[in-house]
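J.: Protein chains in written order, with the working numbering: chain A, -12 to 660; chain B, -13 to 295. The structure that follows is given in the form of structure tokens.
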Amino acid sequence: MSATIPAPVGRLRAVWDRPAVRHGLLALLTAAVLLFPFVEGDDADIDSLANAAAYVALALGLNIVVGFAGLLDLGYAAFFAIGAYVYGVLSSFQVLPAWSPFWQPFAALHLVEKINQGGGDLVHFTLSFWLALPLAAVVTAGCGVLFGAPTLRLRGDYLAIVTLGFGEIVPIVARNTPYLTNGAAGLNGVQAPHLFGYNFTVQATPYYYVGMALVALLIFTSIRLRDSRIGRAWMAVREDETAASAMGIDRTRAKLLAFAIGAAFAGAVGVFYVAKLQTATPDMFGFPVSVMILVMVVLGGMGSVWGVVLGAALLSLLQSWFLPDLSEWLHTLGAAIGNDWLQQIDLARSIELIFGILLVLMMLFRREGLIPAARHAPSLDFAAQHVQGVQRGGFDGELAATALALPEPGRGNLLEVRGITVRFGGLTALNGVDLVVPAGGVVAVIGPNGSGKSTLFNVITGLVPADSGSIRFAGAEILGLPPHRILAKGLARTFQNIRLFANLTVLDNVLIGQHARLSTGAFGAVLRPPRTRAEEARALARARSIIALFGNRLAPRAAQAVSYLSYANRRRVEIARALASQPKLLLLDEPTAGMNPAETLELAEQIRSLHALGLTILLIEHKLDVVTQLADTVIVLDHGEKLAEGRPDQVRRNEEVLRAYLGRAAREALDAA
Amino acid sequence: MTVADVYLQQIINGLSLGAMYALLALGFTLVYGILELINFAHFNVFMVGSFVGLGVLRLLGVMPGAPALAGVALVAVLLGTLIVTMLAAGLLGVAIERLALRPLRNLRGPAAMITTIGISYILLNVVLLSLGADSKNFPNPLPSWTMPVGGAVLRLREVLIWLVSLALMAILTWFVQFTRLGKAMRATAQDAEAARMMGIEVDRIIIAAFFLGSALAGAGGLMFGLYYNFTSYIIGFTAGLRAFTAAVLGGIGNVPGAMLGGLIIGLIEALGGQLVSASWADVIIFSILVLVLVFRPAGLLGRVAPNKS
């Protein structure tokens, strides 16, 4: 799985990684964008770029939904339409209610004016373009939330088709409500923006600058969101919803936020676009537009901000510059060689064919897009991979105490499970199971495969509902709470079949573990006030020091994607991620599965040192020597019922346990031995 | 026509539309059942199917406006066209699977679905650019036989659509339930990994699902042309979405569900168009799609699938 990088590319990256180089390039790009209208005399070319800006901005919005949060939205143009019509209707002569004193205050604010077209006095809406931008963003974000709240729970492919349906409905509604939108004929006379008395009218240059400013703002917002607690939550949901939720992320909220922010982007761009065209028809927002924006995101690289900018700019200019130019050259060529077909060819008509081909080729040959979103550190070389020996003696107590900053264990019973019953259809997976974990204790659950151990963990952490029973944690009922709330209360878990965020780095995985302990919201992420900066810095330092606890195993691999790691190292990352959430109770589901004896011993000692720090632990384990070494109490499950409970040495001698575990024959063999 | 007759007529229309949607919905369901993939290419396999039907009819000498055929000639022309259209559409489906989808088979995420959107676009634009944007008259060799039903009129084309659809669905049901390949298909839909270990060649099953589904879409495309007397590059999108809604409504992955869903959507389109307005029909249908997915994602006949985790 290791990614080998050819030397020239590696050198190029080294250059690129220098901040001075990147800042220099950004400055150059900004200067080029600012100076372009002065250099280029042709209004049509400037206009093409202004249109490209609108598409880049749309692609950036869709990238938040599809790229960051992994929600395939096939009706994104619907939000574009809503934003466009908000401004279109509120700044044209389409809707003219009768004048009444009610409108007087609005007139004073210049939002409406009184007009007379020969009948009675009428209200003409004159919403300013600059007010419309944020207003449309808010309205579309609201629509995004309204539409998303019921649908975002759906699995990904269903969501795609539901959004497609939504994308179809909005233009149909626009077509069928002519009093509001003038139907298929479209709104006319949409007001051009004014700025300090300067009217934009139909010149390209002012729109160009507004469009570029909008793009700059959205790039900035996208990058700030991506590199924040919010962005990490989106990527966690994208990678593995269940694990994200078990690590404290409210997945519905995270998805809704992505949907709303994506919609807000589209709404603002809609205002810009109709202001520029000064008309809006339902056909401007159909399925082909949604697909075009998707192609831009896919071409650039889903989740990659600069990639999406590049992809959208390329495709937009392909349409308005390259294909018409190419067609003209072919016409000239055709005229020169007397070929009729060449003289009539119009490549711009085949743009959708090109979109289709691009989608297929990108998916088959370069799914990460032109500029991939993630650039993980390469695997260590062979020698570096094998330097570390086994780390004995558990974690360094002092370092671990500072790094983990675990809460006080408290007194009494930390977890009390009473009479939990879980049925899957006809199968009773757990039948009236009781379990008590005293604060500061280590309890092990053992039992044959299929005895209900993992189901028990799933019920405790809220992933599986119980049919009856009660689960109290630190005195409060947690049964029925969603997983992210349970994590926030201080229960963190690992999974038997390891559920890490595979395409994210070790560091990001551990940072996501802290989600519930951090507070940055969307605004904080974008504006990055000192409080947010301090919080991020603390989170990063904590994540690094937790990774450092695992020494050579993880520290040199912090920047690698976890999918590159060995099985044992992935288990360690999962434990690090759970510890990052500052749990009171750590649930470990077969932590040493797949580890060799030396690694098992190493991990067992680490778990013991966690216990020494006061962490309460509930673990499922098959290796009985590990159980004996760690646990104060052992609970044996068989066929969903508690078979025995006691100290490890008691349980080991229990007749029934031996029968369940080893079978009668084995028992006899044991006796004989 | 009395009001009751108008509704009767709309029911007849709705059943015909429904039969067509059911044929198309079966293709979605067969592929989804096995790959859990929404195949957007299916939309335009249907459209291409109707153009293939058009071409075959012309090759057979049936031109738009030509006199109606009768007797053996009619049956031979219709059957021949149907078989060739279904074969061509089926092979198109297989080619799509083999060339564009198989390399993405075991990938997580939306890659395969995005690819099918791309293919759908390619099919649509190839037809648009090579044959033009104008809608094409569809030759119709059917005699103008009609039968009054109450105050409504039943035409031969409606009877034909019902019969052909019923026959195809009966054959498909027999195939899925009783043949060896059909059983293997159902096993693969339940658990591809286990099916593979039981010696079932999963690749063959997937090919079969694409072939059958696409062939049915081809048949649907031919029906469309015969029913409406025209075809155009744009017919795939709306029909495809309605058929997909039908598949979801019936319970995606469920063969009888797709048939039932198709009929319901056809009736809703015809009666809803009558009751409200034809221009709102799609809004009604998509609202149903959203409501079903939100409140009963398993559909009318489907069972909630156990979480594969």
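A virtual CB, placed ideally from N, CA and C, is assigned to each residue, including glycine.
1) Any beta carbon of chain A sitting closer than 8 Å to that of ASN111(B)?
2) Please classify LEU607(A): does DSSP put it in a helix, a strand, or coil?
3) Taking 8 Å as the CB-CB cut-off, is ASP268(B) touching chain A?
4) Grab the span of the alpha helix (DSSP H) containing LYS242(A) for me, first residue to last.
5) Using a Cβ cut-off of 8 Å (strictly closer), state whether LEU227(B) contacts chain A.
6) Check whether the segment 8 to 15 of chain B touches the segment 231 to 246 of chain B, counting contact only when three or more Cβ pairs, one atom from each stretch, lie closer than 8 Å.
7) Which term fits ARG238(A), buried or exposed, when burial requires 16 or more other beta carbons within 10 angstroms of its beta carbon?
8) Using DSSP with H/G/I as helix, E/B as strand and the rest coil, what is THR415(A)?
9) Would you kindly check if the distance between the Cβ of GLN306(A) and the Cβ of HIS318(A) is under 8 Å?
10) Is it true that the CB of THR113(A) sits closer than 8 Å to the CB of LEU661(A)?
11) How would you call ALA131(B), buried or exposed, if buried means at least 16 neighbouring beta carbons within 10 angstroms?
12) List the residues of chain B whose Cβ lies closer than 9 Å to the Cβ of ASP144(A), in chain order.
13) Could you list which residues in chain A have their beta carbon closer than 7 Å to that of ALA86(B), in chain order?
14) Tell me whether ILE(-2)(B) is buried or exposed, calling it buried when 16 or more other Cβ atoms sit within 10 Å of its Cβ.
15) By how many angstroms is the C-alpha of THR174(B) removed from the C-alpha of LEU43(B)?
16) Let's test the definition: count the other Cβ atoms within 10 Å of the Cβ of GLU83(B) and tell me whether it reaches 16, buried, or not, exposed.
17) Going by C-alpha to C-alpha distance, which of PRO134(B), PRO242(B), LEU90(B) and LEU202(B) sits closest to THR71(B)?
18) For the segment 458 to 480 of chain A, enumerate the residues whose C-beta is nearer than 8 Å to any C-beta of chain B, in chain order.
19) Starting from the Cα of LEU90(B), find the closest Cα among ALA81(B), VAL80(B) and THR101(B) and give me that residue.
20) For ALA647(A), does the three-state DSSP call read helix, strand or coil?
21) For MET289(A), tell me which candidate among ALA530(A), LEU21(A), ARG5(A) and GLY57(A) has the shortest Cα-Cα distance.
22) At the level of alpha carbons, what is the spacing between PHE510(A) and ILE51(A)?
23) Taking ASN556(A) as part of the alpha helix (DSSP H), name the residues at either end of that continuous run.
24) So with Cβ pairs under 8 Å, would you call PHE342(A) a contact of chain B?
25) What separation, rounded to the nearest whole angstrom, lies between the Cα atoms of LEU277(B) and ALA64(A)?
26) Determine whether the Cβ of VAL160(A) lies closer than 8 Å to any Cβ atom of chain B.
27) Which chain B residues are close to SER232(A), counting only those with a beta carbon under 7 Å from its beta carbon?
28) At least one CB of chain A closer than 8 Å to the CB of VAL34(B): is that the case?
29) Among residues of its own chain, excluding the 5 on either side of ALA291(B), which ones have a beta-carbon nearer than 7 Å to its beta-carbon?
30) Check this for me: beta carbons of ILE338(A) and LEU45(A), under 8 Å apart or not?
31) Give the secondary structure of GLY199(B) by DSSP, where H, G and I count as helix, E and B as strand, and everything else as coil.
32) Given that SER265(B) touches chain A, what residues does it touch there, using C-beta distances under 8 Å?
33) Looking at chain A, is there any beta carbon in it that lies within less than 8 Å of the beta carbon of ILE108(B)?
34) How would you label LYS571(A), buried or exposed, when you count the other beta carbons within 10 angstroms and need 16 or more for buried?
35) Which same chain residues, not among the five before or five after ILE485(A), have their C-beta less than 7 Å away from its C-beta?
36) Locate the alpha helix (DSSP H) running through SER314(A), then write down its first and last residues.
T.: So, from the listed chains and residues:
1) If you number the second sequence from 1, residue 111(B) lands on position 125. Yes, ASN111(B) counts as interfacial toward chain A.
2) In the first sequence, counting from the first residue as 1, residue 607(A) sits at position 620. The sequence shown places Ile at residue 607(A), not Leu. Residue state, collapsed to three classes: strand.
3) Residue numbering aside, residue 268(B) sits at position 282 when the second sequence is read from its first letter. Closer than 8 Å: yes.
4) Translated into positions along the first sequence, residue 242(A) becomes position 255. From DSSP, the alpha helix (DSSP H) with LYS242(A) extends over 238 to 264.
5) Counted from its first residue, the second sequence places residue 227(B) at position 241. LEU227(B) counts as touching chain A.
6) yes
7) Start at 1 with the first residue of the first sequence, and residue 238(A) comes out as number 251. ARG238(A) should be labelled buried.
8) Taking the first sequence and counting its residues from 1, one reaches residue 415(A) at position 428. The answer is strand: DSSP assigns THR415(A) an E or B state.
9) Here residue 318(A) corresponds to residue number 331 of the first sequence, with the count starting at 1. Here residue 306(A) corresponds to residue number 319 of the first sequence, with the count starting at 1. No, the Cβ-Cβ distance between HIS318(A) and GLN306(A) is not below 8 Å.
10) Summary: the structure shown does not reach residue 661(A), with chain A confined to residues -12 through 660, and so no result is reported for it.
11) The sequence position of residue 131(B) within the second sequence is 145, counting from 1. Residue 131(B) is actually Trp in this sequence, not Ala. The residue is exposed, with fewer than 16 neighbouring Cβ atoms inside 10 Å.
12) Residue mapping note: residue 144(A) aligns to position 157 of the first sequence, counting from 1. Per Cβ cutoff of 9 Å: TYR18, GLU22, LEU23, ILE24, PRO96 and MET99.
13) Translated into the one-based positions of the second sequence, residue 86(B) becomes position 100. Under the 7 Å cutoff, chain A gives VAL347 and LEU351.
14) Within the second sequence, residue -2(B) is the residue found at index 12, counting from 1. Buried, since its Cβ has 16 or more Cβ neighbours within 10 Å.
15) Within the second sequence, residue 43(B) is the residue found at index 57, counting from 1. Within the second sequence, residue 174(B) is the residue found at index 188, counting from 1. Their Cα atoms are separated by approximately 37 Å.
16) By 1-based counting over the second sequence, the position of residue 83(B) is 97. GLU83(B) should be labelled buried.
17) Working through the second sequence from its first residue, we reach residue 71(B) at position 85. Of the candidates PRO134(B), PRO242(B), LEU90(B) and LEU202(B), the one whose C-alpha sits nearest the C-alpha of THR71(B) is LEU202(B).
18) none
19) Taking the second sequence and counting its residues from 1, one reaches residue 90(B) at position 104. LEU90(B) has its Cα closest to that of THR101(B), out of ALA81(B), VAL80(B) and THR101(B).
20) The sequence position of residue 647(A) within the first sequence is 660, counting from 1. Helix at ALA647(A).
21) Working through the first sequence from its first residue, we reach residue 289(A) at position 302. When only C-alpha atoms are compared, the closest one is GLY57(A).
22) Start at 1 with the first residue of the first sequence, and residue 510(A) comes out as number 523. Start at 1 with the first residue of the first sequence, and residue 51(A) comes out as number 64. Going by the C-alpha atoms only, they are around 15 Å apart.
23) By 1-based counting over the first sequence, the position of residue 556(A) is 569. First-last of the alpha helix (DSSP H) with ASN556(A): 554 to 567.
24) The residue labelled residue 342(A) in the question sits at position 355 within the first sequence. Taking Cβ atoms only, chain B reaches closer than 8 Å to PHE342(A), which makes this a yes.
25) By one-based count along the second sequence, residue 277(B) stands at place 291. By one-based count along the first sequence, residue 64(A) stands at place 77. Using only the alpha carbons, I get a separation of about 21 Å.
26) Along the first sequence, read from residue 1 onward, the residue named residue 160(A) stands at position 173. Yes, VAL160(A) lies at the interface with chain B (some Cβ there is under 8 Å from its Cβ).
27) Start at 1 with the first residue of the first sequence, and residue 232(A) comes out as number 245. In chain order: nothing, as chain B lies at least about 13 Å away.
28) Locating residue 34(B) in the second sequence gives position 48, counting from the first residue. So no, VAL34(B) is outside the interface.
29) If you number the second sequence from 1, residue 291(B) lands on position 305. Legend: pLDDT at ALA291(B) = 48, less than 50; position of this residue unreliable, value from coordinates given subsequently. Same-chain partners within the cutoff: there are none.
30) Position 351 of the first sequence holds residue 338(A). Position 58 of the first sequence holds residue 45(A). Not in contact: ILE338(A) and LEU45(A) (Cβ atoms no closer than 8 Å).
31) To locate residue 199(B), count along the second sequence from 1; it is residue 213. GLY199(B) falls in the helix class under three-state DSSP.
32) Stepping through the second sequence from its first residue, residue 265(B) is reached at position 279. Going along chain A in sequence order, the residues near SER265(B) (Cβ under 8 Å) are ILE159, ARG162 and ASN163.
33) Start at 1 with the first residue of the second sequence, and residue 108(B) comes out as number 122. Output row for ILE108(B): interface = yes.
34) For the purposes of this step, residue 571(A) is identified with residue 584 of the first sequence, where counting begins at 1. By the neighbour-count rule (16 or more Cβ atoms within 10 Å), LYS571(A) is buried.
35) For the purposes of this step, residue 485(A) is identified with residue 498 of the first sequence, where counting begins at 1. Hits under 7 Å: ARG557, ARG558 and GLU561.
36) For the purposes of this step, residue 314(A) is taken as residue 327 along the first sequence, with counting starting at 1. That run of the alpha helix (DSSP H) goes 310 to 324.
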